[in-house]
Amino acid sequence: MMAMTMPEPDQAVLSRRAVIVEALRAIVPGEGVIDSAAEMLPYESDGLMAYRQPPMVVVLPESTEQVSKILRYCSAEGIKVVPRGSGTSLSGGALPLADGVLLGLGKFKRIREIDFDNRAVVTEPGVTNLAISQAVAHEGFYYAPDPSSQIACSIGGNVAENSGGVHCLKYGMTTNNVLGCEIVLMNGEILRIGGKAAESAGYDLMGLITGSEGLLGVVTEITVRILKKPETARALMVGFAEVESAGECVARIIGAGIIPGGMEMMDKPAIHAAEAFVHAGYPLDVEALLIIELDGPAVEVDELIARVEAIALGCGSTSCRISTSEAERNLFWAGRKAAFPAVGRISPDYLCMDGTIPRGKLPEALARIRALSEKYHLRCANVFHAGDGNLHPLILYDANQPGEMDRAEAFGADILRACVELGGVLTGEHGVGIEKRDLMGEMFTEVDLNQQQRVKCAFDAQGLLNPGKVFPTLHRCAELGRMHVHAGKLAFPDLPRF
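According to this note's numbering, the stretch in the sequence shown is residues 10 to 507, in order.
Have a look at this one:
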C-alpha cells in the first residue's frame, strides 16, 4: 500500500502565523502563548467532542489590559478570535478556527471582591461556578444558578451561554443573577456595564451580553448576585409508573401556585444509569422520577411537602421518599447532577440535547422523543429541568459504527424541531454554537436573523469574534445597515425604518 503524502503547508501561511505568534508573545510573555501542535490538542474541542479543530494559536492572557491589546492587534490585522472559558460548552461554542486565535481565560481565576452588605461578588470569568458559592458559604450565602457541570464550568462561560441549573426554576438563570460586567470589544475598547445596584438605567445591555455566546465581546470581570441560604430545604423523590403521569404532576404543582426551589425529572434509562453511578437510592421499578425541592421557613416547607405529596398521589405516584437530613437531600441531587457522566458509562458516545417547551407540552414531547427513538433505532435517556420545560435528551450512539453519528445528529435535530413546533425554543441554556446554528431558520425568519446580526455588527463590525457560530448565514455589516457601538453608547444611523 502506498503511503499518502500530505501537501506541504503554504509558506505564506506559515510566515503569517509566525508573525502573529511573535506579536502575541510581545503582549503575553512567558508561557502565555501556545503554538505547538501537541500542546494545542486540549483546546481542539469543547464539550461537544464530535467536532474537533486545532486552533492556529492559543493565547492565555492574565489581565484585562492584555486582552485589550490582543483584540486591538487582531482587529487591526483582521484576525479571527474565539474566546474560551473552561471548555465545557455542549453546543460547540468554543470550537476553534484553523485560521483564528483561541483566547483562553483560564488564568482569570481570582475572586476580586466579596461584598456581603450589597450581596454581591466581583469575580474574574475563569472562576468556577461552584467556587463562588464555596467562597461565601461561611456567611450563609450562595450563588443560585447551579449547572450540573458547576464543579468545572467557569462563570464567564455561564454568562456567555446564560446557563441555568436545577435551581433556576425559582431563582432564575444566569441573566437574573448577574449585575454587571467589564467587557472588551473587538477594537480593544474596555466597557463597564452595570454594577452592584439591582437595576441600571438605560438599555439592558447586561441582558444583551448574557447569552451572546462570545460574539459581542470578551468578558473580563463579572459582578454576580448572591443569596442567603434558605432556612430549610427538603427534597421529595417521587416515582411514577408512567412518564406522562410525572409530566402531569409537574404541571399540577405549578398550576397550584407552588414554585419549588428545583423540580427535575428523569426517565427509566437515566434513573438506572445514575443509580449505578452514584447509589443515591433511586427506585429502579419506575418509569419516571421527579426530584422536587421545597425551601423557605420550616413551617412553610412542611405545608408545601404535604401539598406536593397529595398532588403526586393524585397523579398516580407509586413511591415517595422525603429527605430527612441535608446529607440525604444532597444525595438525591447527586444522582441527578451526575446523570451526564453516568450515561457515559453505558454508551460509547452520546449527544446531550437542549431544547425548551411549555410545561404543559411535556407529555407530548416525551411521546415524540420515544417515536423518534424508534425511527432512528437509537436509545435515548431523558433528563429534564421539568419545572421550566428545559429538556436534556441524551441520545446514545457509537461513533465507531458506520452511520450512527449521522443518525444521532438527525435524531437530535428532529427533537429540536419538535420543541419549536410545540411552542418552545431551540435552547434553554447550552446556547446555539455550531450545534443548532443550521436550525435557527426553524425558529426565526430571515428578518429576525438579520436584525440579530445588526446587533453583532454594532459590537464587532468586522465579524472577527467567534465567527461561524449562531448564524446560519453571515452577511457583511454594510449589507445589513450597520449599528455602531462606541464608549458604551449605541447609535443606529442607517437602520431601515419600519
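Virtual Cβ for every residue (Gly too), placed ideally from N, Cα, C.
Can you tell me whether DSSP reads ILE404 as helix, strand or coil? Counted from its first residue, the sequence shown places residue 404 at position 395. The answer is strand: DSSP assigns ILE404 an E or B state.
Report yes or no: do the segment 162-170 and the segment 192-204 share at least 3 C-beta pairs separated by less than 8 Å? no
Closer than 8 Å by C-beta to GLY270: which residues in its own chain qualify, once you throw out the five before and the five after it? Chain order, please. Walking along the sequence shown from the start, residue 270 turns up at place 261. HIS176, LEU178, LYS179, TYR180, PRO239, ALA242, GLU302, LEU303, ASP304, listed in sequence order.
Buried or exposed: where does LEU504 fall if 16 or more other Cβ atoms within 10 Å of its Cβ makes it buried? As a position in the sequence shown, residue 504 is number 495, starting the count at 1. Only weak support is given to the placement of LEU504: the predicted model assigns it a pLDDT of 32, under 50, and the value that follows is read from those uncertain coordinates. LEU504 comes out exposed.
Would you say GLU413 faces chain B, with C-beta separation under 7 Å as the test? In the displayed structure, chain B is absent; only one protein chain is listed.
If you draw a straight line from the alpha carbon of ALA282 to that of GLY174, how long is it in whole angstroms? Within the sequence shown, numbered from 1, the residue matching residue 282 stands at position 273. Within the sequence shown, numbered from 1, the residue matching residue 174 stands at position 165. Rounded to whole angstroms, ALA282 to GLY174 spans 20 Å at the Cα level.
Tell me which same chain residues have a C-beta within less than 6 Å of the C-beta of VAL76, skipping the five on either side of it? For this step, residue 76 is matched to residue 67 along the sequence shown. Only PRO70, VAL193, VAL227, THR229 meet the Cβ criterion.
Closest to TYR107 by CA distance: which of THR184, ALA46, GLY432, LEU400 is it? Stepping through the sequence shown from its first residue, residue 107 is reached at position 98. Per the sequence presented here, residue 107 reads as Ala, with Tyr not at that position. Ranking THR184, ALA46, GLY432, LEU400 by Cα distance to ALA107 puts ALA46 first.
Take every Cβ of the segment 96-105, pair it with every Cβ of the segment 47-60, and state whether three or more of those distances are shorter than 8 Å. yes
When we look at the beta-carbon of PRO51 and count the other beta-carbons within 10 Å, is it buried (16 or more) or exposed? For this step, residue 51 is matched to residue 42 along the sequence shown. When all chains shown are included, PRO51 counts as exposed.
Thinking C-alpha only, which one of VAL67, GLY290, GLY421 is nearest LEU340? Residue numbering aside, residue 340 sits at position 331 when the sequence shown is read from its first letter. Nearest C-alpha to LEU340: GLY290.
Note the first and the last residue of the continuous alpha helix (DSSP H) segment covering ARG128. Stepping through the sequence shown from its first residue, residue 128 is reached at position 119. Neither: ARG128 is in no alpha helix (DSSP H) and is coded neither H nor E.
Presumed contact (8 Å Cβ cut-off) between LEU298 and ILE314, rounded CB distance: As a position in the sequence shown, residue 298 is number 289, starting the count at 1. As a position in the sequence shown, residue 314 is number 305, starting the count at 1. Not quite, the Cβ-Cβ distance comes to about 17 Å (not below 8 Å), so this is no contact.
With DSSP collapsed to three states, give me the class of VAL66. Taking the first residue of the sequence shown as 1, we reach residue 66 at position 57. DSSP places VAL66 in strand when its eight states are reduced to three.
Do GLU451 and ARG416 come within 7 Å of each other at the CB atom, strictly closer than that value? Within the sequence shown, the letter at position 407 stands for residue 416. Within the sequence shown, the letter at position 442 stands for residue 451. No, the Cβ-Cβ distance between ARG416 and GLU451 is not below 7 Å.
In the DSSP assignment, the alpha helix (DSSP H) including HIS281 goes from what residue to what residue? What you label residue 281 is simply residue 272 of the sequence shown in a count that begins at 1. Per DSSP, HIS281 belongs to the alpha helix (DSSP H) from 277-287.
Quick one: give me the first and last residue of the alpha helix (DSSP H) that ASP311 is part of. Here residue 311 is taken as the residue at index 302 of the sequence shown, counted from 1. Element bounds for ASP311: 307-323.
Segment limits, beta strand (DSSP E) that includes MET414: Position 405 of the sequence shown, counted from the start, is the residue given in the question as residue 414. MET414 -> not in any beta strand (DSSP E); alpha helix (DSSP H) instead, spanning 413-430.
Collapsed DSSP secondary structure at THR9 in the structure displayed: Residue 9 falls outside the range modelled here, since the chain spans only 10 to 507, and no answer is possible.
Three or more C-beta pairs closer than 8 Å, one from the segment 398-412 and one from the segment 342-360: is that the case here? yes
Could you name the residues that DSSP lists as bridge partners for TYR151? Taking the first residue of the sequence shown as position 1, residue 151 is located at position 142. Its beta-bridge partners are LEU236.
Cβ pair LEU114, PRO134 closer than 7 Å: As a position in the sequence shown, residue 114 is number 105, starting the count at 1. As a position in the sequence shown, residue 134 is number 125, starting the count at 1. Result yes, Cβ atoms of LEU114 and PRO134 sit closer than 7 Å.
Per DSSP, cross-strand counterpart(s) of HIS484: For this step, residue 484 is matched to residue 475 along the sequence shown. Its beta-bridge partners do not exist; DSSP assigns none.
Restricting to Cα atoms, I'd like to know which of ILE235, ASN171, PRO306, VAL30 is closest to ILE88. Start at 1 with the first residue of the sequence shown, and residue 88 comes out as number 79. With distances taken between Cα atoms, ILE88 lies closest to VAL30.
Under the three-state DSSP convention, the category ASP511 falls into: Since the first residue shown for the chain is 10 and the last is 507, residue 511 is missing from the structure and cannot be characterised.
Using beta-carbon positions only, say whether GLY421 and ILE443 come within less than 7 Å of one another. Residue numbering aside, residue 421 sits at position 412 when the sequence shown is read from its first letter. Residue numbering aside, residue 443 sits at position 434 when the sequence shown is read from its first letter. Contact flag unset, no.
Contacting residues, own chain, Cβ-Cβ under 6 Å from GLU122 (five flanking each side not counted): What you label residue 122 is simply residue 113 of the sequence shown in a count that begins at 1. Contacts found: VAL131.
Tell me the rounded alpha-carbon separation between PRO367 and VAL67. Sequence index remark: in the sequence shown, residue 367 carries index 358 (1-based). Sequence index remark: in the sequence shown, residue 67 carries index 58 (1-based). So the alpha carbons of these two residues sit roughly 41 Å apart.
Helix, strand or coil at ARG438 [DSSP, three-state]: As a working mapping, residue 438 is identified with position 429 in the sequence shown. Position check: residue 438 holds Glu in this sequence, whereas Arg was assumed. It is coil, neither helix nor strand.
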